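Trainee:
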Amino acid sequence: MTALNLAGSRPSVLAPWRRSLAAFVVLLLVILAAYWHTARGMVALWMSSETYAHGFVVPLITLWLVWRQRAVLASMAPRPGRLAWLLMAGAAALWLAGDLVAVNPVTQLAFVALMVLAVPAVLGWQVARALAFPLAFLFFAVPIGDFLLPRMMEWTADFTVMALRASGIPVYREGLQFIIPSGSWSVVEACSGIRYLIASVTAGCLFAYLSYDGMRKRLVFIGVAILVPLVANWVRAYLIVLLGHVSGNTIATGVDHLIYGWLF
């Protein structure tokens, strides 16, 4: 094939992609306009909560991950997937159900699912499979995780009390509050470690995808990314209480409590 023929064939190869990408962008804009209230609510949570502030960078990282796959995508031909349209209808129904009962995490998950399903709906399942991780990563933008707070606070209290007793310090516990000879303490939301867990899992999944090829290695690394922040937060809570106890509550309380919490 001559250089002239190659040059002539390139527009014919890119033409379907241009049409499909234009249709894809239009569909995304329609979804965004239709569910603008949900999208705005997500952004408001990103802005108001440090726990979910990473939501701002998740779409940007997703776009970068898609860009890394551009050579693979160039070898594919976009073909709309009919099943994806049915799944989008299901996601829209899920959003409606969540909106009727005013459960924001459900509407937000459904909104992101609609954005993700737009890929196979317009570009095809082959393209969606090539972008499986970037599309799945987009769900980290959903500000969800508050349901874990009660359990994580219980775990933190369990470990702290157990560690204090193992250190020879008598403890009387009642729920999330406990009393030691030097004073009383309580486990609050800031002690749960949810912020560290969400950040660690988000970064861990991204690192595992970029650094490892085998699924087993990726899963092991993600498991470590879940376990480490949990244990680290328990140890942090224990050390803060222990430091307050041995100092007679002269440090690790009040403003010092926050400072030592950041250090640990």
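In the working numbering, the protein residues as written are 7 to 270.
Ideal placement from N, C-alpha and C gives every residue a C-beta, glycine not left out.
The model shown is predicted, which means the values in this text are computed figures rather than measured ones.
(1) Less than 7 Å between C-beta atoms, sequence neighbours within five positions excluded: which residues of the same chain meet that for Trp23?
(2) Can you tell me which of the three DSSP states Gln132 falls into?
(3) Cα-Cα, which of Val148, Leu233, Tyr41 is closest to Pro65?
(4) How would you write the range of the beta strand (DSSP E) that Arg179 sits in, first residue to last?
(5) Between the Cα of Tyr58 and the Cα atoms of Leu71, Ala90, Ser206, Arg88, which residue gives the shortest distance?
(6) Helix, strand or coil for Asn11, going by three-state DSSP, please let me know.
(7) Ile186 bridges to which residues according to DSSP?
(8) Does the beta-carbon of Met7 have 16 or more other beta-carbons within 10 angstroms, so that it is buried, or is it exposed?
(9) Can you tell me whether Ser198 is buried or exposed, with buried defined as 16 or more other CB within 10 angstroms of its CB?
(10) Assuming the contact rule is C-beta atoms closer than 8 Å, Ser278 and Leu129 should be a hit. Round their C-beta distance to whole Å, please.
(11) Classify Ala103 as buried or exposed, calling it buried when 16 or more other Cβ atoms lie within 10 Å of its own Cβ.
Mentor: In terms of the structure at hand:
(1) The answer, listed in chain order, is Pro84.
(2) Three-state result, Gln132: helix.
(3) Ranked by how close their Cα comes to the Cα of Pro65, the residues Val148, Leu233, Tyr41 have Val148 in first place.
(4) Element bounds for Arg179: 178-180.
(5) The option with the nearest alpha carbon to Tyr58 is Ser206.
(6) Its pLDDT being 46, under 50, Asn11 is placed unreliably by the model, and the measurement read from it follows with that caveat. When DSSP states are grouped into helix, strand and coil, Asn11 belongs to the helix group.
(7) According to DSSP, Ile186 bridges with Gly189.
(8) Low confidence applies here, because Met7 scores a pLDDT of 43, under 50, leaving its location unreliable and the question unanswered by this model.
(9) So Ser198 counts as buried.
(10) With the chain covering 7 to 270 only, the question about residue 278 has no answer from this structure.
(11) Exposed, by the Cβ-count rule.
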